[in-house]
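A.B. asks: Residue numbers (our numbering): 1 to 421. Built from N, CA and C at the ideal position, the CB exists for glycine as well. As the structure is a computational prediction, the values presented were derived from the model and not from experiment.
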Ligand code: EPZ
């Protein structure tokens, strides 16, 4: 457990560098299992979810080293084909190992990832795709067992929903299948393209990643690859939201503005000026934001569900009423009960949140409910008058690298104390 103690109502200004994308590094680290040999992954963020993934790689027999933001994974020898429950529980998105272990060893056993704070997180689309590639899939007593007799075979797979994880698992498994796999209604997130780039560096033949149809021509074997992970667009947008609701002016470096396209329109509608210059992005906020009429979270290139909470937090202070519709996850509003403690006026009805902007928020003692909700509470604390304490049980460290250091550099008055301090 840790606490972030914030003295609010200080305008954020200055510059910050954005770290590598968690949701790109995780599948790439998992995919290093099929890229047999030495894999060198640069711009790998220092996050607890990355640590959990490294623990799994080591459990499977890989030698893993980290030097600053470079992680090397030697996957020459794999000695296990299962992920024990305790490691699965550390990070539910470990399901991303499924396709990699299956295609490398021909068999994989892992405990069903189960739900998390934001929803049930089923994996039916993953399993349906893996089955279509020719694997035998057994799912019982909380375990998922997949087995192949020889190589997987290429096929056509249409996803019922453009699931990010399912697209990744199928792409990884199909990379060494016998024949061509065509995935239609694939997820188009930038992290999918980044994973395909990594696999292609290992000898895969993947075309169309980033579009709805991805074509994977299976090859016999992949080799170790060197790759630099793309910047984290969710982290970048979170810090823009923090600057926006404090009337701030920040420059973010090491971003890919095109990845933020769906979000920049919302910042501009709220009255912010956003200037793009190569891999730098500058946001200048007005003294008070305007409301944003409607935000509907959608698969990329729509508005990202992961930015819903940070942006909702900034809109609590806007002039006018904003409407948010969360279409991706079924319980991604847990943070709102905590935002109300700051004096925010928000009503939630199912997937819809109606935010009536207020002129100011007052500091509060709150508890972080999940990763992005936790950042939303920090953002509210930065804008609120007075002192805020955000208690967090490790959620925020999963996705934000030392947020208190980044925000302090931007003139925020924020201190972090850890339980064992
Ligand atoms: C990835 O999760 C991200 N996580 C999530 O980020 C992100 O919110 C999500 O994509 C959507 O962009 C990682 O990349 C590690 P999905 P994933 O499969 O792959 C349903 C964060 O905060 N679904 O696209 O699990 C599912 O229930 C995290 O960094 C099925 O029904 O997302 C959800 O409603 C949170 N069956 C929707 O699809 C399946 O088999 C989107 O899920 C798979 C998914």
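Buried or exposed for residue 248, please, with buried defined as at least 16 other CB atoms from any protein chain shown within 10 angstroms of its CB.
C.D. replies: Result: buried.
A.B. asks: Along the chain, where does the alpha helix (DSSP H) containing residue 128 start, and where does it finish?
C.D. replies: 124 to 132
A.B. asks: DSSP beta-bridge partners for residue 280?
C.D. replies: 253, 277
A.B. asks: Going by beta-carbon coordinates alone, are residue 375 and residue 238 separated by less than 8 Å?
C.D. replies: yes
A.B. asks: Which residue comes first and which comes last in the alpha helix (DSSP H) that contains residue 239?
C.D. replies: 233 to 244
A.B. asks: CA-CA distance, residue 59 and residue 411?
C.D. replies: 42 Å
A.B. asks: Quick one: does the C-beta of residue 23 sit closer than 7 Å to a heavy atom of ligand 1?
C.D. replies: yes
A.B. asks: With distances taken Cα to Cα, identify the nearest neighbour of residue 127 among 149, 159, 116.
C.D. replies: 159
A.B. asks: Buried or exposed: which applies to residue 303, given that a residue is buried once 16 or more other Cβ atoms fall within 10 Å of its Cβ?
C.D. replies: buried
A.B. asks: Under 7 Å from any heavy atom of ligand 1, does the C-beta of residue 166 make it?
C.D. replies: Because some heavy atom of ligand 1 lies under 7 Å away, the Cβ of residue 166 counts as near it: yes.
A.B. asks: Specify whether the segment 150 to 169 and the segment 79 to 91 touch according to this definition: at least 3 beta carbon pairs, one from each stretch, less than 8 Å apart.
C.D. replies: no
A.B. asks: Can you tell me which of the three DSSP states residue 383 falls into?
C.D. replies: helix
A.B. asks: With a threshold of 7 Å, establish whether the CB of residue 371 neighbours any heavy atom of ligand 1.
C.D. replies: yes
A.B. asks: Can you tell me which residues form a DSSP beta bridge with residue 4?
C.D. replies: Per DSSP, 390, 416.
A.B. asks: Between the Cα of residue 348 and those of 357, 305, 337, spot the shortest distance and give me the residue it belongs to.
C.D. replies: 337
A.B. asks: Less than 8 Å between the CB atoms is what I'm expecting for residue 256 and residue 279, so what's the real figure, rounded?
C.D. replies: 7 Å
A.B. asks: Please determine whether the Cβ atom of residue 121 lies at a distance below 7 Å from any heavy atom of ligand 1.
C.D. replies: yes
A.B. asks: Out of 40, 330, 46, 47, which has the shortest C-alpha to C-alpha gap to residue 64?
C.D. replies: 40
A.B. asks: Comparing C-alpha positions only, which one of 121, 143, 100 sits nearest to residue 109?
C.D. replies: 143 is the residue among 121, 143, 100 whose C-alpha sits nearest the C-alpha of residue 109.
A.B. asks: Tell me whether residue 126 counts as near ligand 1, meaning its Cβ is closer than 7 Å to at least one heavy atom of that ligand.
C.D. replies: Remark: the shortest separation between the CB of residue 126 and any heavy atom of ligand 1 falls under 7 Å.
A.B. asks: Taking Cβ positions, are residue 57 and residue 29 nearer each other than 8 Å?
C.D. replies: Taking 8 Å as the Cβ cut-off, residue 57 and residue 29 qualify as a contacting pair.
A.B. asks: Let's test the definition: count the other Cβ atoms within 10 Å of the Cβ of residue 81 and tell me whether it reaches 16, buried, or not, exposed.
C.D. replies: buried
A.B. asks: According to DSSP, which residues form a beta bridge with residue 183?
C.D. replies: 157, 214
A.B. asks: Would you identify the three-state DSSP class for residue 293, choosing helix, strand or coil?
C.D. replies: In the structure shown, residue 293 sits in coil (DSSP, three-state: anything other than H, G, I, E or B).
A.B. asks: By the three-class DSSP mapping on this structure, what secondary structure does residue 171 have?
C.D. replies: helix
A.B. asks: Starting from residue 398, trace the beta strand (DSSP E) both ways and give me its first and last residue.
C.D. replies: That residue, residue 398, is in no beta strand (DSSP E); it is neither H nor E in DSSP.
A.B. asks: Between the segment 370 to 388 and the segment 309 to 329, do three or more beta carbon pairs fall short of 8 Å?
C.D. replies: yes
A.B. asks: Verify the contact flag: residue 161, CB atom, against every heavy atom of ligand 1, threshold strictly below 7 Å.
C.D. replies: yes
A.B. asks: Residue 187: beta carbon under 7 Å from a heavy atom of ligand 1?
C.D. replies: For ligand 1, at least one heavy atom lies less than 7 Å from the Cβ of residue 187.
A.B. asks: DSSP three-state call for residue 98: helix, strand or coil?
C.D. replies: helix
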